[in-house]
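Heads up: the sequence shown at position 68 corresponds to 68 in the numbering used here, and the numbers run straight through without jumps.
Quick reminder that beta carbons are idealized off the backbone N, C-alpha and C, glycines included.
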Amino acid sequence: MLCSAWLLRAGVPGWPRIPAAVRLVAGVLALWLAWLAVVQARHVGVNFLLSVLVLVWVADIFAYFAGRAFGLRFTKNKLAPSISPGKSWEGVWGGLIGVTVLAFAWVAADAHWQAAVPSFYSRMAQQGWWMLVITVLFMVAMSVAGDLVESLIKRSAGVKDSSGLLPGHGGVLDRVDALLPTLPLAMMLTRLTTTL
């Protein structure tokens with residue numbers, strides 16, 4: 001979180017000042033940690049892994065539609081205009097609302113169907129509802145941070161899409177950018193709360 005905040009604060013002009021070797025190592029480390037988290041989450045169970053993946057997708061979808069519908073109506077400042085001019089605070093709030101509804105619905109579904117493998121949300125709710133709410137807030141913030149860091153990298157490189165494999169979607173990296181910080185964080189929180 002601190003690394004993302006530092007990168008985003010430096011902005012597009014600060015990116016080239018970071019040595020290329022440091023950027024490469026950081027990128028490989030982020031991908032490796034996310035892959036390790038996917039492997040661990042898969043061993044925890046499909047319901048768990050799916051709940052983390054859907055968190056990011058719902059945050060993105062709700063942020064997009066809330067930003068389109070309400071962008072700059074309530075706040076007059078964009079989220080990060082020099083990094084990603086299309087993102088608004090209203091989009092962030094929309095993503096947060098969407099994931100909060102998802103989390104409570106998933107906990108209810110786990111309880112109703114007596115899921116053999118609890119979802120990420122149910123595991124956090126076992127620590128108390130306050131833990132679920134704080135976790136959702138933090139996970140959405142990390143999802144947004146991952147998205148913004150990827151936008152920072154693209155803008156610094158002067159490209160619109162990270163690849164041509166998914167035209168109109170920003171490239172492959174745009175599909176996984178928010179997963180890079182959220183998957184390892186979900187596994188870390190799960191491990192911490194199960195050892196408490």
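Inter-residue spacing [alpha-carbon to alpha-carbon] between residue i and residue j
{"i": "HIS169", "j": "VAL176", "result": "For HIS169, the pLDDT reaches just 49, beneath the cut-off of 50, and the residue's location in the model is therefore unreliable, although a value from the coordinates is still provided. Cα to Cα, HIS169 sits roughly 11 angstroms from VAL176."}
{"i": "LEU137", "j": "SER51", "result": "15 angstroms"}
{"i": "GLY14", "j": "GLN126", "result": "42 angstroms"}
{"i": "TRP129", "j": "ALA111", "result": "14 angstroms"}
{"i": "TYR121", "j": "GLU150", "result": "26 angstroms"}
{"i": "ALA21", "j": "LEU29", "result": "12 angstroms"}
{"i": "LYS154", "j": "ALA26", "result": "16 angstroms"}
{"i": "VAL39", "j": "GLY45", "result": "10 angstroms"}
{"i": "TRP57", "j": "GLY94", "result": "13 angstroms"}
{"i": "MET124", "j": "VAL117", "result": "13 angstroms"}
{"i": "GLY199", "j": "ALA41", "result": "Coverage of the chain is limited to positions 1 through 196, which leaves residue 199 absent and any answer about it impossible."}
{"i": "LEU24", "j": "LEU31", "result": "11 angstroms"}
{"i": "PHE62", "j": "HIS43", "result": "29 angstroms"}
Test item: CB-CB of residue i and residue j under 8 angstroms
{"i": "LEU55", "j": "LEU102", "result": "yes"}
{"i": "LEU192", "j": "ALA37", "result": "no"}
{"i": "SER88", "j": "LYS76", "result": "no"}
{"i": "GLY210", "j": "ALA66", "result": "There is no way to answer for residue 210, as the model of the chain reaches only from 1 to 196."}
{"i": "LEU148", "j": "ALA80", "result": "yes"}
{"i": "PHE48", "j": "SER119", "result": "yes"}
{"i": "VAL107", "j": "VAL140", "result": "no"}
{"i": "LEU132", "j": "ILE83", "result": "no"}
{"i": "ALA145", "j": "SER4", "result": "yes"}
{"i": "LEU189", "j": "THR135", "result": "yes"}
{"i": "SER143", "j": "ALA59", "result": "yes"}
Spatial neighbours of residue i in its chain, beta-carbon cut-off 8 angstroms, leaving aside the 5 residues before and after
{"i": "ARG17", "result": "ALA10"}
{"i": "ALA115", "result": "ASN47, ALA109, SER122"}
{"i": "VAL12", "result": "SER82, ILE83, LEU152, ARG155, SER156"}
Same chain, Cβ closer than 7 angstroms to residue i, five either side skipped, listed in chain order
{"i": "GLY71", "result": "SER88, GLU90, GLY91"}
{"i": "ALA34", "result": "LEU179, LEU180, LEU183, PRO184"}
{"i": "PHE74", "result": "GLU90"}
Other residues of its chain near residue i: CB distance less than 6 angstroms, five sequence neighbours each side excluded
{"i": "THR194", "result": "none"}
Any non-hydrogen atom of the ligand PLP closer than 7 angstroms to residue i Cβ
{"i": "PHE62", "result": "Of ligands this structure carries none, so the ligand PLP is not represented either."}
query = Residue ranges of each alpha helix (DSSP H) run of no fewer than 4 residues wholly in the segment 11-72, ordered along the chain?
reply = 20-44, 46-70
query = Of all the alpha helix (DSSP H) runs that stay within the bounds of the segment 86-151, which reach a length of 4 or more residues?
reply = 89-113, 120-125
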